[in-house]
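S.K.: In this text, residue positions in the sequence shown follow this note's numbering: the first is 21, and each later residue adds one. Even glycine gets a Cβ: it sits at the ideal position worked out from N, Cα and C. Quantities reported herein were computed from a predicted structural model and do not represent experimental measurements. Sending over a structure as structure tokens; questions will come in a sec.
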Amino acid sequence: MVLEKNPKTRPLVKRLLELEDRISGLPFPKMKRVKQIDSNSCGPAVIATLYSCFGIKVSQNGIISSLRVKNKIKKFGLSVKDLTRASRIVGKGAFTFWKKSNAKVGDLVAIVNKYKHPVAVEWQGVFYENEDGDNGHYSVVTKIDKRTDTLRISDPYSEFAGVDRKFEIRTFKERWWDENVVKRKTIVDRRVMFLITPKSESWPKKLGMVRAS
Numbered sequence: 021m022v023l024e025k026n027p028k029t030r031p032l033v034k035r036l037l038e039l040e041d042r043i044s045g046l047p048f049p050k051m052k053r054v055k056q057i058d059s060n061s062c063g064p065a066v067i068a069t070l071y072s073c074f075g076i077k078v079s080q081n082g083i084i085s086s087l088r089v090k091n092k093i094k095k096f097g098l099s100v101k102d103l104t105r106a107s108r109i110v111g112k113g114a115f116t117f118w119k120k121s122n123a124k125v126g127d128l129v130a131i132v133n134k135y136k137h138p139v140a141v142e143w144q145g146v147f148y149e150n151e152d153g154d155n156g157h158y159s160v161v162t163k164i165d166k167r168t169d170t171l172r173i174s175d176p177y178s179e180f181a182g183v184d185r186k187f188e189i190r191t192f193k194e195r196w197w198d199e200n201v202v203k204r205k206t207i208v209d210r211r212v213m214f215l216i217t218p219k220s221e222s223w224p225k226k227l228g229m230v231r232a233s
């Protein structure tokens, strides 16, 4: 993260990660690394990323329009509940949106390494010089290496989209939370993860995940 923090050495980090992916293999090669359309649209971008695994193209503007959240997203972004509704609209009844709060790193390991599935997380993003006091963010975990205690994250933020970032698991755990304003009350979400599967699959139940749609 030291090299990534410096804008001058950031392109070098990206090239090194691209090299790592060429040597080790890109995790979930069918998944599109979607860039969010603006600074507030990480939620729609992550929904588009998850559905790309199934060959489904998703319009971020279409999600915002369908949910009627054009004003809300500018001020608060979108909640997991909003993303559940978005998934229901995009999936047209053929997919299930699974979620879990107070998850553990072991859950992420099982999803990515055992079930071979990408999983989205709600966390405090790392934006460096572009931080604005509200770091609530959505991204997709694509790889976890317990030997090196690192994980890779597909981050839709414009500065980092395209090549999965790498973080120490310890650093990620410290930032795996977010705050959302619901009916003028601040709600703290801790260690929230979510994913999308075809309706016929039920393996997320084994990890204590709940069907949200």
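Would V66 and Y177 qualify as a contact pair, given that the criterion is a beta-carbon distance under 8 Å?
M.R.: Not in contact: V66 and Y177 (Cβ atoms no closer than 8 Å).
S.K.: What does a CB cutoff of less than 7 Å around K94 pick up in its chain, not counting 5 residues either side in sequence?
M.R.: These residues qualify, in order along the chain: N60.
S.K.: Select from Y135, E149, G126 and N155 the residue whose C-alpha is nearest the C-alpha of W143.
M.R.: Nearest C-alpha to W143: N155.
S.K.: Pick helix, strand or coil for F147, following the three-state DSSP scheme.
M.R.: Three-state DSSP puts F147 in coil, outside helix and strand.
S.K.: I need the straight-line Cα distance from S44 to K205, nearest angstrom please.
M.R.: Rounded to whole angstroms, S44 to K205 spans 45 Å at the Cα level.
S.K.: At which residues does the alpha helix (DSSP H) containing S44 begin and terminate?
M.R.: Taken as a continuous stretch (DSSP letters only), the alpha helix (DSSP H) holding S44 covers R30 to S44.
S.K.: If V110 sits next to V141, beta carbons under 8 Å apart, how far is it from one beta carbon to the other, in whole angstroms?
M.R.: Going by Cβ atoms, the distance from V110 to V141 rounds to 19 Å, so no, they are not a contact pair.
S.K.: From this set, D184, I216 and W196, which residue's C-alpha is nearest G75's C-alpha?
M.R.: Of the listed residues, the one whose Cα sits closest to G75 is I216.
S.K.: Measure the C-alpha to C-alpha separation of P17 and L32 and round it to an integer number of angstroms.
M.R.: In the structure as shown, the chain begins at 21 and stops at 233. Residue 17 is therefore absent and cannot be evaluated.
S.K.: For a test of the three-state rule: what should DSSP assign to S121, helix, strand or coil?
M.R.: In the structure shown, S121 sits in coil (DSSP, three-state: anything other than H, G, I, E or B).
S.K.: Which of helix, strand or coil does DSSP assign to W196?
M.R.: If DSSP states are grouped into helix, strand and coil, W196 belongs with coil.
S.K.: In whole angstroms, what separates the C-alpha of I84 from that of I57?
M.R.: Using only the alpha carbons, I get a separation of about 11 Å.
S.K.: Give every residue of the same chain whose Cβ lies closer than 8 Å to the Cβ of K124, excluding the five residues on either side of it in the sequence, and list them in chain order.
M.R.: Counting only Cβ-Cβ distances below 8 Å, and skipping sequence neighbours, we find R211.
S.K.: If I follow the unbroken alpha helix (DSSP H) through L215, where does it start and stop?
M.R.: Premise fails: L215 lies in the beta strand (DSSP E), V212 to P218, not in any alpha helix (DSSP H).
S.K.: Once you ignore the five residues that flank D169 on each side, which residues in its own chain have a CB closer than 8 Å to its CB?
M.R.: Result list for D169: E188, I189 and R190, in chain order.
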